[in-house]
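Under the numbering used here, the first residue of the sequence shown is numbered 61, with each subsequent residue one higher.
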Amino acid sequence: MTDLVRTQQRYMEEQWEPSPWLQRSTLTPWADYAWHASLFACRRHLPDDLSNHTFLIVQCGAGDDTHFYQFEGAQRVTITDISVRALRVTQQHCDNPPAVIADTQHLPFRDNAFDYVGVRSGLHHLEHPYDGLAEMHRVANRGYFFVENQKTPLVPLLVWMGALEYEEDAGNQVYRFTRGEVAQFLGKLGAAHYTIETAWFLQIPPLLALSKYVPGRFPLVLFKSLLFLVNRVFGRLGNAFCVVVQK
Ligand SMILES: C[S@@+](CC[C@H](N)C(=O)[O-])C[C@H]1O[C@@H](n2cnc3c(N)ncnc32)[C@H](O)[C@@H]1O
61 MTDLVRTQQR YMEEQWEPSP WLQRSTLTPW ADYAWHASLF ACRRHLPDDL SNHTFLIVQC
121 GAGDDTHFYQ FEGAQRVTIT DISVRALRVT QQHCDNPPAV IADTQHLPFR DNAFDYVGVR
181 SGLHHLEHPY DGLAEMHRVA NRGYFFVENQ KTPLVPLLVW MGALEYEEDA GNQVYRFTRG
241 EVAQFLGKLG AAHYTIETAW FLQIPPLLAL SKYVPGRFPL VLFKSLLFLV NRVFGRLGNA
301 FCVVVQK
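What follows is the structure, given as structure tokens:
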């Protein structure tokens, strides 16, 4: 185990506060969409019926992405993380999926063990994010997907404004991916069919806290339309991207 893994493990066991946004049923429609927009972007490329497929969600954290896919119909989900506490929190909130302690860079599963493998906001925690991606490729039978930070010329400005970070509380540097780099690596892995979508994906808790004051259907339509427009025009410079690979 490397120092970085040990440091993050200690942080997760001793200092981490699980996200309060887990319960989709308690969010108003537009807040639910805002919090999960990046996951919806992946979801669009997965089969309509998720119940027949096995899923591995790596780096489950508090289980937000696990909960999302279960809510969308996935029934056979396994989770991994380096933190026992993260696995327990996710199990409590997500219908008790089987849990395995594992470093994403060395997954303890055979090749093609799961139909789909995915993660949101996990790979940037790794010392070698592309080793983690290669492992996801190896254990996925039909496909894999991830949501991550994009490296753009705006990043230094956004960090200076306090909207983004170079280093997180867990002790990891925030690795930011570029389209070209990901495409090149997927090519090396032999992945022929994939989509890379860059966008502005909001994950801002104070904004979501406002959601209880604007309930109802209209704000969702308005919010989706605004986000769609912003991403049509400025999506290339977005803070994040979503990659879905079909094997
Ligand atoms: C931001 S959280 C993940 C959030 C979650 N995927 C979601 O959508 O809410 C990052 C997680 O990565 C885990 N982690 C950090 N380094 C890891 C490693 N090398 N292998 C596996 N998990 C790791 C941390 O314990 C933490 O739970």
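Each residue gets a CB set at the ideal place from its N, CA and C atoms; glycine is no exception.
Query, Result
"I'd like to check one pair, L224 with N299: are the Cβ atoms closer than 9 Å?", "yes"
"Using a Cβ-based criterion (distance less than 8 Å to any ligand heavy atom), does Q233 qualify as near ligand 1?", "no"
"Between which two residues does the alpha helix (DSSP H) harbouring F128 extend?", "124-131"
"Please report the distance separating the alpha-carbon of G250 from that of K307.", "9 Å"
"Roughly how many angstroms separate the alpha carbons of R170 and E195, rounded to a whole number?", "10 Å"
"At the level of alpha carbons, what is the spacing between S271 and G123?", "21 Å"
"Identify whether N172 lies in helix, strand or coil by the three-state DSSP scheme.", "coil"
"Between which two residues does the alpha helix (DSSP H) containing D141 stretch?", "First-last for D141: 136-141, but that is the beta strand (DSSP E), not the alpha helix (DSSP H)."
"At a cut-off of 8 Å, is I256 close to ligand 1 when judged by its beta-carbon and the heavy atoms of the ligand?", "no"
"Looking at the structure shown, is T16 part of a helix, part of a strand, or coil, going by DSSP?", "For the chain, the structure presents residues 61 to 307; residue 16 sits outside this window and is missing."
"Based on DSSP bridge pairs, tell me the residues matched to R180.", "V207"
"Check whether the Cβ of Q165 lies closer than 8 Å to any heavy atom of ligand 1, and answer yes or no.", "yes"
"Going straight from the alpha carbon of P158 to that of V137, what length do you get?", "7 Å"
"What residue does the beta strand (DSSP E) around H253 start on, and which one ends it?", "253-259"
"In the structure shown, what three-state DSSP assignment does C154 receive?", "coil"
"For a test of the three-state rule: what should DSSP assign to R145, helix, strand or coil?", "helix"
"Does the contact criterion of 3 or more C-beta pairs under 8 Å hold for the region 183-193 versus the region 216-235?", "yes"
"Check each candidate in S111, T67, E74, S181 and name the one with the smallest Cα separation from S98.", "S181"
"So what's A162 in DSSP terms, helix, strand or just coil?", "coil"
"How long is the line joining the alpha carbons of F174 and V118, rounded to whole angstroms?", "12 Å"
"How is the beta strand (DSSP E) around F301 delimited, first residue to last?", "300-306"
"Name the DSSP bridge partner or partners of F237?", "Q210"
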